[in-house]
């Protein structure tokens, strides 16, 4: 039954508290046609027609707000002029709160001029039109008309009136607004016109040539609109890209509220009737299993809608029925990551697809998560042109899709050309830095020289301000870094080992070496004088302070004790050491030797030679230790090689040990490069595309061989199907001829 014009205010009042199903009972059973009639109604009267106590309290509060509002309450027809003024200019006056909202206008069919058809469905058609308002303004509108035969069906009429009721109570930037209704046959709903059409049509038309940063913006706006519906306790139940309308270049609005349902205060979900049709590819598992819809099921649909947007409106779960989709979802299978989706947004999608509804975020949380998942924007410092890479010009803005500190190349979209590809990460600087560079900030890496080989010292540093620049990238200036005095005085390792190069004959001969020349002055690394005895007889080398570790150099054995000269009947002649007058107070802690002019006896000479040969007695054990060390090193290298082969074989299934060893040898033992080469060869072995295309497909799928193979086979299957269709069409045409 159509609502009476004189009691339309009653239907609106009941709809605000989700009691519109009692409209006929209150109007006919309690004979209420004016707001003043509620003064004579008791709680027992409401209980008699089936209204519970909590619902009665909500209704009395709505009646109180309606009485205290400033609206005219005589007849809806007397309000038409005021309502028309509210809608003049295309922006409705929605009131201060939900209880004081103006009713939608009752529009005459003669005020509408219908134009082209925008869409159609089982309910009827949607056409573009113009509404000539009573104030003389002309508004572009979208008119949703019910089919004449369906306007008389009770269920269709109920759904239509419910959609009108829902829309007239909504007021949000990202929600399509209702201008009014036409109550004559056929029933019509007049809403604002989204000039861009549906997001589905736009993305299908401009596949892979659409700003990905704008898609992120649309995702944030959809989340804001759904947060508003969540706060009003409405469940959309049909959120998809086809129901997201483009109102402006960077503004989308949610539409099509035919399946929307409101939740009462004591319920958190809605169970659908069994005979209803639902978009099962977008539905959460609980909706597919039991027909239960809630705010959490809308969150699942929001994740699928984002997936649609970044795949440019591919069909989710293509070719699968609702039962098959539920089977996959229950086994923790989810939609694959779109190749052009930023990694931060896909992480958020997977949170929306949590199997347990309680584990999914609310839309209030999603608005914050979407803002935090904004893709990184960078600018490039110079031109970059390489084959099969993203072509860039200096100062181009790039939306980064995949990035990491470990990656030398990032995946991004050039906002100028809308092309997507890999580019060197070293060229990127943050957008904020590029737009407002601080005066004291260092310039890009292109102005900084590489370090000196073998050190961390740079030869030069450039800056926009000349006073902050120093050095030259090409060579080391005079004012640059130089070794300190201590380093210059420090002898090299070869010089330190010069004493060990003496042959056995020189040791046995007893002739003094050059280091034993009397009067020679030598200093250590600290600038202190060394005595001649220490210089000639000691084989201990001072450690090189520049070495980070001395573990690889085995120190020589300690100096053996000196023989008992008294036992050998040798009379040592004491002679003070020959030091310069300016020598320090440091005194050698070694016994003085005989001067070179004194001829020692045979026993003394023999004893001296034994003393010189005593360090050589330990050389055999030293050589054995070196041999054992080399064996341990060879075993470690062999074990490391086996570990690399095992690592690559686990990453690339189906390869032999010989193939892995050959790949490692070609890639200098780098397991990552060897793994990528083997994956590329396996994908190329399918003989479906060139090696360059295989490399691009693997890069887009993050070198996941399984996903890349699946994508390649699906692409080949679609290509063959298209070729088969073209062949059948050609044969059919030939037959007709």
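Numbering (full-length UniProt numbering), first residue to last: 1 to 737.
Glycine included, C-beta positions come from ideal geometry on N, C-alpha and C.
Practice prompt. May I ask which residues mark the beginning and end of the alpha helix (DSSP H) holding residue 423?
Written response: For this step, residue 423 is matched to residue 423 along the chain shown. Residue 423: not part of any alpha helix (DSSP H); member of the beta strand (DSSP E) spanning 420-424, first to last residue.
Worksheet item: Would you say residue 742 and residue 313 are within 9 Å of each other, going by their C-beta atoms?
Response: Past the boundaries of the shown model lies residue 742; the chain is included only from 1 to 737, so the question cannot be answered.
Worksheet item: Can you tell me whether DSSP reads residue 293 as helix, strand or coil?
Response: By one-based count along the chain shown, residue 293 stands at place 293. In the structure shown, residue 293 sits in a strand (DSSP, three-state: E or B).
Practice prompt. Going by CA-CA distance only, name the one from 108, 145, 307 and 338 that's closest to residue 115.
Written response: Position 115 of the chain shown, counting from 1, holds the residue named residue 115. Closest by alpha carbon: 145.
Discussion item. Can you look up residue 378 in the DSSP assignment and give me helix, strand or coil?
Written reply: Translated into the one-based positions of the chain shown, residue 378 becomes position 378. Note: residue 378 maps to strand in three-state DSSP.
Worksheet item: Counting Cβ pairs, one atom from each stretch, are 3 or more of them under 8 Å apart for the segment 226-244 and the segment 253-263?
Response: Taking 8 Å as the limit for Cβ pairs, the verdict is that the segment 253-263 does touch the segment 226-244.
Worksheet item: Are the segment 369-381 and the segment 319-332 in contact at 8 Å, needing three or more beta carbon pairs?
Response: Short answer: they don't touch.
Worksheet item: Taking just the CA atoms, how far does residue 383 sit from residue 202?
Response: Walking along the chain shown from the start, residue 202 turns up at place 202. Walking along the chain shown from the start, residue 383 turns up at place 383. Whole-angstrom Cα-Cα distance: 32 Å.
Worksheet entry | Beta-ladder partner(s) of residue 105, from DSSP | The residue given as residue 105 occupies position 105 in the chain shown. Looking at the DSSP assignment, residue 105 forms a beta bridge with 180.
Worksheet entry | Residue from 402, 428 and 265 with nearest C-alpha to residue 738 | In the structure displayed, the chain extends from 1 to 737; residue 738 sits before or after that span and is not available.
Discussion item. What residue range does the beta strand (DSSP E) around residue 248 cover?
Written reply: If you number the chain shown from 1, residue 248 lands on position 248. Start and end: 244-248.
Practice prompt. Check residue 506 in the structure and name its three-state DSSP category.
Written response: Counting from 1 along the chain shown, the entry for residue 506 is found at position 506. In this prediction, residue 506 scores a pLDDT of 47, lower than 50, which makes its location untrustworthy; the coordinate-derived value is nonetheless stated afterwards. Of the three classes helix, strand and coil, the one that applies to residue 506 here is helix, per DSSP.
Worksheet item: How about residue 254 and residue 217: are their beta carbons less than 9 Å apart?
Response: As a working mapping, residue 254 is identified with position 254 in the chain shown. As a working mapping, residue 217 is identified with position 217 in the chain shown. No, the Cβ-Cβ distance between residue 254 and residue 217 is not below 9 Å.
Worksheet entry | the segment 173-192 / the segment 301-312 touching (three or more Cβ pairs under 8 Å) | They do not touch, by the three-pair rule.
Practice prompt. Count the other CB atoms, across all protein chains shown, that sit within 10 Å of the CB of residue 48; report buried if there are 16 or more and exposed otherwise.
Written response: Taking the first residue of the chain shown as position 1, residue 48 is located at position 48. Within 10 angstroms of the beta-carbon of residue 48 lie fewer than 16 other beta-carbons, which makes it exposed.
Worksheet item: Quick one: Cα of residue 352 to Cα of residue 346, how far?
Response: On the chain shown, residue 352 is found 352 positions in, with the first residue counted as 1. On the chain shown, residue 346 is found 346 positions in, with the first residue counted as 1. Take the alpha-carbon of residue 352 and the one of residue 346: they are about 10 Å apart.
Worksheet entry | Distance between residue 117 and residue 197 (C-alpha atoms, nearest Å) | What you label residue 197 is simply residue 197 of the chain shown in a count that begins at 1. What you label residue 117 is simply residue 117 of the chain shown in a count that begins at 1. Note on geometry: alpha-carbon atoms of residue 197 and residue 117 lie some 12 Å from one another.
Fill in: Length at least 3, wholly inside the segment 662-706: the beta strand (DSSP E) runs in chain order
For the segment 662-706, not a single whole beta strand (DSSP E) run of length 3 or above is found.
Item to complete: Say whether the segment 667-674 touches the segment 686-695, bearing in mind that this needs 3 or more beta-carbon pairs closer than 8 Å, one atom from each stretch.
Response: Result no; under three Cβ-Cβ pairs closer than 8 Å.
Worksheet item: Looking at residue 112 and residue 42, is the spacing between their C-beta atoms short of 9 Å?
Response: Reading the chain shown from its first residue, position 42 is the one you call residue 42. Reading the chain shown from its first residue, position 112 is the one you call residue 112. In this structure, residue 112 does not lie closer than 9 Å to residue 42 by Cβ.
Practice prompt. Please list, in chain order, all residues of the same chain as residue 27 whose beta carbon is under 8 Å from its beta carbon, the five residues on each side excluded.
Written response: Counting from one through the chain shown, the residue named residue 27 turns up at place 27. Excluding sequence neighbours, residue 27 sits near 4, 7, 10 and 33.
Worksheet entry | Outcome for residue 676 when other beta-carbon atoms lying within 10 angstroms are tallied against a minimum of 16 | Translated into positions along the chain shown, residue 676 becomes position 676. Under this definition residue 676 is a buried residue.
Discussion item. My assumption, with CB atoms under 8 Å, is that residue 380 sits in contact with residue 392. Please give the rounded CB distance.
Written reply: Position 380 of the chain shown, counted from the start, is the residue given in the question as residue 380. Position 392 of the chain shown, counted from the start, is the residue given in the question as residue 392. Under the criterion of beta carbons closer than 8 Å, residue 380 and residue 392 qualify as touching, at roughly 5 Å.
Worksheet entry | When 696, 191 and 109 are compared against residue 387, the one with the closest alpha-carbon | Numbered from its first residue, the chain shown carries residue 387 at position 387. Taking only the C-alpha atoms, the option nearest residue 387 is 696.
Discussion item. Checking the sheet assignment: what are the DSSP bridge partners for residue 746?
Written reply: The shown model of the chain, from 1 to 737, leaves out residue 746, and the question about it has no answer.
Item to complete: Report yes if the CB atom of residue 360 is closer than 9 Å to the CB atom of residue 296, and no otherwise.
Response: Counting from one through the chain shown, the residue named residue 360 turns up at place 360. Counting from one through the chain shown, the residue named residue 296 turns up at place 296. The answer is yes: Cβ separation under 9 Å.
Worksheet item: The alpha helix (DSSP H) with residue 388 in it runs from where to where?
Response: As a working mapping, residue 388 is identified with position 388 in the chain shown. Per DSSP, residue 388 belongs to no alpha helix (DSSP H) and is neither H nor E.
Worksheet item: Within 10 angstroms of its Cβ, does residue 12 collect 16 or more other Cβ (buried), or is it exposed?
Response: Stepping through the chain shown from its first residue, residue 12 is reached at position 12. With 16 or more Cβ atoms within 10 Å of its Cβ, residue 12 is classed as buried.
Discussion item. Taking DSSP's pairing of strands, which residues face residue 428 in a bridge?
Written reply: Here residue 428 refers to the residue found at position 428 when the chain shown is read from its first residue. As DSSP reads the structure, residue 428 sits in a beta bridge with 380.
Worksheet item: Hey, out of 631, 343, 709 and 46, whose CA is closest to residue 410's CA?
Response: Stepping through the chain shown from its first residue, residue 410 is reached at position 410. Ranking the options by Cα distance to residue 410, first place goes to 343.
Worksheet item: Helix, strand or coil for residue 117 per DSSP?
Response: Taking the first residue of the chain shown as position 1, residue 117 is located at position 117. Here DSSP, grouped into helix, strand and coil, assigns residue 117 to strand.
Worksheet item: Would you say residue 675 faces chain B, with C-beta separation under 9 Å as the test?
Response: In the structure shown, chain B does not exist; there is a single protein chain.
Worksheet entry | Cβ neighbours of residue 124 in the same chain (closer than 6 Å, five flanking residues each side left out) | The residue you call residue 124 lines up with position 124 of the chain shown. Taking residue 124 as the centre and dropping the five residues before and after it, the same chain places the C-beta of 145, 146 and 147 closer than 6 Å to its C-beta, in chain order.
Practice prompt. With a threshold of 16 other CB atoms inside 10 Å of the CB of residue 327, please say whether the residue is buried or exposed.
Written response: In the chain shown, counting from the first residue as 1, residue 327 sits at position 327. Exposed is the call here.
Practice prompt. Taking only the alpha-carbon atoms, compute the straight-line gap between residue 72 and residue 63 and give it to the nearest angstrom.
Written response: For the purposes of this step, residue 72 is identified with residue 72 of the chain shown, where counting begins at 1. For the purposes of this step, residue 63 is identified with residue 63 of the chain shown, where counting begins at 1. For residue 72, the predicted structure reports a pLDDT of 39, less than 50, and the residue's modelled location is therefore unreliable. A value from the coordinates is still provided. The C-alpha of residue 63 is placed about 14 Å away from the C-alpha of residue 72.
Discussion item. For residue 219 and residue 302, I'd like the C-alpha separation in whole angstroms.
Written reply: Along the chain shown, one-based indexing puts residue 219 at 219. Along the chain shown, one-based indexing puts residue 302 at 302. Taking the straight line joining both Cα atoms gives about 9 Å.
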